[in-house]
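Here is the structure we will look at, set down as structure tokens.
2 protein chains.
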Amino acid sequence: MKISDIGEFGLIERLKDILKSSIIGDDTAPVIVEGKALLLTCDILVQDRHFKLNYPPSAIGWKAISVNVSDVVANGGTPLYSLVSLTLPDMEVGFVEGLYHGIKKACEFYGCEVVGGNVSKGEKLSIDVFMLGKAERFVGRSGAKRGDGIFVSGTLGDSRAGLELLLMEKGHYEDFELKLIEKHIRPTARIDLPKHISKYANASMDISDGLASDAWKLARASKVKLSLFSEKIPVSKELAVFCKKHGKNPLEYALSGGEDYELLFTHKPEKLNPFLSMVQIGIVEEGEVVCLDNVLLEPSGFDHFRML
Amino acid sequence: MKISDIGEFGLIERLKDILKSSIIGDDTAPVIVEGKALLLTCDILVQDRHFKLNYPPSAIGWKAISVNVSDVVANGGTPLYSLVSLTLPDMEVGFVEGLYHGIKKACEFYGCEVVGGNVSKGEKLSIDVFMLGKAERFVGRSGAKRGDGIFVSGTLGDSRAGLELLLMEKGHYEDFELKLIEKHIRPTARIDLPKHISKYANASMDISDGLASDAWKLARASKVKLSLFSEKIPVSKELAVFCKKHGKNPLEYALSGGEDYELLFTHKPEKLNPFLSMVQIGIVEEGEVVCLDNVLLEPSGFDHFRML
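Protein sequence lines correspond, in order, to chains A and B. Heads up, the first sequence is in our numbering, so the first residue is 1 and it goes up one at a time. Heads up, the second sequence is in our numbering, so the first residue is 309 and it goes up one at a time.
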């Protein structure tokens, strides 16, 4: 039996069974060390899967840190320290330095610090980042309660549109197109939200595989029904223009785009803070499914091993 | 300028300059979180560089954990929690499960726990492990004092002999050969030593690149001269037999073998504990070099990018 027979998530389930850990399953692992709640996470960017070598190296470094910060803030935490494990071919030193300039910039922006790492030779470039954070209160995926409002931050679907634009390799890009590309190659983690999440949210995760797929993960972990409303799902002006131009449906991008690094969380509807980037897109009900406009939503996410 | 022009260590120096961190440079990064001293480290095993796919998968998993525990104990710490980041091709699920059985066994042995990780698709298998430990007192490379004795644990050079035996692909191996192979594919981190190191050592590191190379790193970090005596360097009976059979010099293996994961540390000579696996191999003097039997020792270590 090959990994492609059971998929990435099937494999992870089997590996969790071996480890018998009760902790695994959220964006970060919450551990208590000497009475303090710490969050551990790691996320990797692999050449030709998550980026191409013609991307600006500083953007790759920025994104490598951002995707990890996104996991930490999704659980209501603050990033503290990071290690960077590079696997790289014999490439230009200037490229690796550019990568590190992006890493350094991101750390300054997010208020964390790279304190070590590792360099190893390999055939393709990969940047594996490990991050340690702390939280007043850890918020995972499994606590959503009936009656909670379902919220997302920012707008969804931009990153996939940006990726598609990049792959078109056009000689000239319009402004709205550059904005979408920027969302793909240089995403920003929602460091404006962890305090709100840590204080009010019953469940929270980041949207890295697409809303449809990630909503299912939250519904299953919390054993609840997520009832979403399509007209509430936030879409940017740029994505709307892009979709109009190319005859596409923005909702499709928002549901299955992936790599937006926005947050999906639930809490009492009245805790919505209009000064924060958040909108209510649904309500938590009894059940264990995800519905969109009262119709069952297929979990159309991304599986690294299934979509080969 | 390519990485091979400046080598792995030259690259690391440039990246450290960009980050401007005062912490980077030891086996682990010591950080203080809410008043507690924590150690962070990561180390990767890459297919065809650190192991071959015909090794027992559980041994690869065991080694991936062991090399990280080795970094933690080298700095006087105890391993606590770990994340495992796998990059893997579409391979047999049974192989990956075997790998995780080895990881689980190692964690049980060392008293730590895997609390999360990441799975990503790539062309070759790599296992990147991140580890969080704690220490009563962090001991790095830079504190060696004149008059200290220089100590190593265990025996040196076995791992390289084991690797050479493996590469011979013999149909039958003798018992002493199997012991050397075992030292290479299933090294054990020195969890018997961190308490002693944390209590007495002025400087400490693990020997992963070979004694000659690693002794230079300690000498430079501490700005001292390490004066080593060849007849004191511990060599196993198995390595002696191997070298006699193949017309090799055991000292050569002990000095530049690498991957032994024994510890190199310094403290007052009278703190030697005869109940622990440690022998004095030299003394710390004024200067910033490494000498063997009063002759300058070449740092004949391993550089991933130079030895292509």
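Built from N, CA and C at the ideal position, the CB exists for glycine as well. Computed from a prediction, not measured in an experiment: that's the story for all the values here.
- Around the beta carbon of isoleucine 515 of chain B, 16 or more other beta carbons sit within 10 angstroms, so the residue counts as buried.
- Looking only at B:Leu605, B:Asn581, B:Leu600 and B:Thr336, the smallest Cα-Cα distance to serine 461 of chain B is reached by B:Asn581.
- In this chain, aspartate 293 of chain A is not harboured by any beta strand (DSSP E), its DSSP state being neither H nor E.
- Setting aside the 5 residues that flank it on each side, proline 187 of chain A is surrounded in the same chain by Lys63, Ser66, Val67, Ser70, Ser159, Glu259, Asp260 and Tyr261, each with a C-beta closer than 8 Å to its C-beta; the list follows chain order.
- Between the stretch 589-599 of chain B and the stretch 532-542 of chain B, the count of Cβ pairs shorter than 8 Å is three or higher; the stretches touch.
- Take the alpha-carbon of proline 89 of chain A and the one of serine 434 of chain B: they are about 14 Å apart.
- Counting C-beta pairs with one atom in each stretch, the stretch 478-493 of chain B and the stretch 416-428 of chain B have fewer than three that are closer than 8 Å, which means they do not touch.
- Short of 7 Å from the beta carbon of leucine 166 of chain A, and not among the five residues preceding or following it, lie these beta carbons of its own chain, in chain order: Ile181 and His184.
- For isoleucine 150 of chain A, the closest alpha carbon among the candidates A:Glu13, A:Lys20, A:Pro30 and A:His267 is that of A:His267.
- Going by DSSP, lysine 134 of chain A is part of the beta strand (DSSP E) stretching over 126-134.
- Annotated three-state conformation of isoleucine 44 of chain A is strand, per DSSP.
- Around the C-beta of methionine 309 of chain B, fewer than 16 other C-beta atoms lie within 10 Å, and the residue is accordingly described as exposed.
- Separation of the CB atoms of aspartate 17 of chain A and arginine 141 of chain A is rounded to 19 Å, and the pair is thereby denied contact status at 8 Å.
- When rounded, the separation of the alpha-carbon atoms in threonine 395 of chain B and serine 585 of chain B is 36 Å.
- In the structure shown, valine 341 of chain B falls within a strand segment according to DSSP collapsed to helix, strand and coil.
- In the DSSP secondary-structure assignment, aspartate 206 of chain A is bridged to A:Leu263.
- Per DSSP, the unbroken alpha helix (DSSP H) holding serine 222 of chain A starts and ends at 211-222.
- Distance from the Cα of serine 428 of chain B is smallest, within the candidate group A:Ala29, A:Glu238, A:His246 and A:Ile3, for A:Ile3.
- Burial state of lysine 552 of chain B is exposed, judged by a 10 Å Cβ sphere holding fewer than 16 other Cβ atoms.
- For leucine 80 of chain A, the C-beta contacts it makes with chain B under 8 Å involve Val339 and Val341, in order along the chain.
- The secondary-structure analysis by DSSP pairs threonine 496 of chain B with nothing; it has no beta-bridge partner.
- Within chain B, the C-beta atoms nearer than 8 Å to that of glycine 122 of chain A come from Val354, Arg357, Lys432 and Ser434, in chain order.
- Close CB contacts of tyrosine 389 of chain B within its chain, under the 6 Å cut and outside five residues either way in sequence, are with Glu421, Val423 and Leu440 (chain order).
- For a Cβ distance threshold of 7 Å, nothing in chain A lies close to cysteine 599 of chain B: the least Cβ distance comes to about 29 Å.
- In this structure, isoleucine 191 of chain A keeps its C-beta atom at 8 Å or more from the C-beta atom of valine 84 of chain A.
- For the options A:Asn202, A:Ile233 and A:Gly61, the alpha carbon positioned closest to that of alanine 219 of chain A is the one of A:Asn202.
- Glycine 369 of chain B: member of the alpha helix (DSSP H) spanning 365-382, first to last residue.
- Between isoleucine 197 of chain A and isoleucine 60 of chain A, the alpha-carbon positions lie close to 28 Å from each other.
- Contact between serine 213 of chain A and proline 299 of chain A holds, since their C-beta atoms are separated by about 5 Å, short of 8 Å.
- For proline 502 of chain B, DSSP records no beta bridge to any residue.
- The Cβ of leucine 19 of chain A sits closer than 8 Å to at least one Cβ of chain B.
- Per DSSP, glutamate 164 of chain A is one residue of the alpha helix (DSSP H) stretching across 158-168.
- Beyond the five residues adjoining it in sequence on each side, phenylalanine 438 of chain B comes within less than 6 Å, by CB distance, of Cys350 and Leu391 in the same chain, given in chain order.
- Under DSSP, leucine 486 of chain B forms no beta bridge with any residue.
- Residue pairing of lysine 2 of chain A in beta bridges, as defined by DSSP: B:Glu400.
- Within chain A, no residue has its CB atom less than 8 Å from the CB of cysteine 420 of chain B, the nearest being about 11 Å off.
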